[in-house]
Every structure is written in C-alpha cells, then in structure tokens.
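In our numbering, the protein residues as written are 7 to 144.
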C-alpha cells in the first residue's frame with residue numbers, strides 16, 4: 007500500500023464524498039442522518055441536486071477504478087466495484103439534464119406571447135403521484 011501524499015488525498019476524497027452520499031441517500035431517519043442531511047444541504051448544496059449527485063457518483067466510480075487498477079489490487083475488482091457506481095452517476099446525470107430541459111421548455115412556454123396557462127402546461131409536462139397526469143383517471 008502506497009502512503010504517499012497524492013494517494014492519501016485521493017483516498018480522503020473517496021471517503022468524504024462516499025460518506026456524504028451515504029448520509030444523503032440513507033433510508034434511515036436517525037438523529038445522525040437528519041443532522042448530516044441538514045449540514046449537507048446547508049454547506050454542500052451541489053450534492054442535493056440530481057446533476058450534482060450524478061457528478062459525485064461518476065467521480066467516485068472513476069476514482070475507485072483508478073485506485074484499484076493503479077495499485078494492482080485487481081483489475082477485475084476495479085471493474086466490478088466501479089462500473090455500477092459510474093453507471094449510476096451517468097444515469098443520474100442524464101435524468102438531471104432531461105428534467106432541466108423539460109423545465110426550460112415549460113419556462114419558455116410560460117414566457118412566450120400568447121402562452122398557455124400554467125394549468126395547461128401542468129397537464130402537458132407535469133406528472134402527479136402514481137404516474138398519471140392531471141385530469142387522467144387513476
């Protein structure tokens with residue numbers, strides 16, 4: 007195991023970002039995770055959005071693969087551990103960009119002359135709980 011400064015910094019980043027994402031995505035509501043989510047929202051707002059979270063997962067996956075591969079731990083383990091994390095990051099990035107594009111279209115539609123009413127735009131772009139749009143039978 008190399009304990010030189012660049013590797014220690016990289017491992018510290020892996021631990022910090024991994025802990026932030028673990029606390030943010032934890033399904034448990036114990037006092038530690040509630041306080042952690044509050045601090046993350048207050049000081050690291052970029053992780054709370056879909057694009058920021060996708061960037062963090064992609065960073066973690068790529069760094070994890072590089073660290074395992076570079077130190078000859080196991081190229082197979084590097085792929086097995088890093089591929090799902092990187093794929094999740096790419097998926098989150100894609101979903102974040104799609105949602106941002108849909109929001110931009112809706113905002114543009116509201117600002118256009120002769121624009122549709124907000125209720126019409128909700129019917130066109132919005133989805134309510136259960137996957138049904140407004141006015142559709144459940």
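Even for Gly, the Cβ is constructed at its ideal location relative to N, Cα and C.
Linking residue 95 to residue 88 through their CA atoms gives a straight-line distance of about 11 Å. Contact check for residue 66 and residue 23: beta-carbon distance about 6 Å, within the 8 Å limit, so the pair qualifies. Under a 10 Å Cβ-count criterion, residue 80 is classified as exposed, with fewer than 16 other Cβ atoms of the shown protein chains found around its own Cβ. Using a C-beta cut-off of 8 Å, the segment 67-78 makes no contact with the segment 103-115, since fewer than three inter-stretch Cβ pairs fall below that distance. Contact check for residue 74 against residue 64 fails: the beta carbons are separated by 8 Å or more.
Taking C-beta separations shorter than 8 Å and ignoring five residues to either side along the sequence, the partners of residue 97 in its chain run 60, following chain order. Distance from the CA of residue 28 to the CA of residue 85, rounded to the nearest whole angstrom, comes to 21 Å. Cα atoms of residue 42 and residue 120: separation of roughly 46 Å, rounded to the nearest angstrom.
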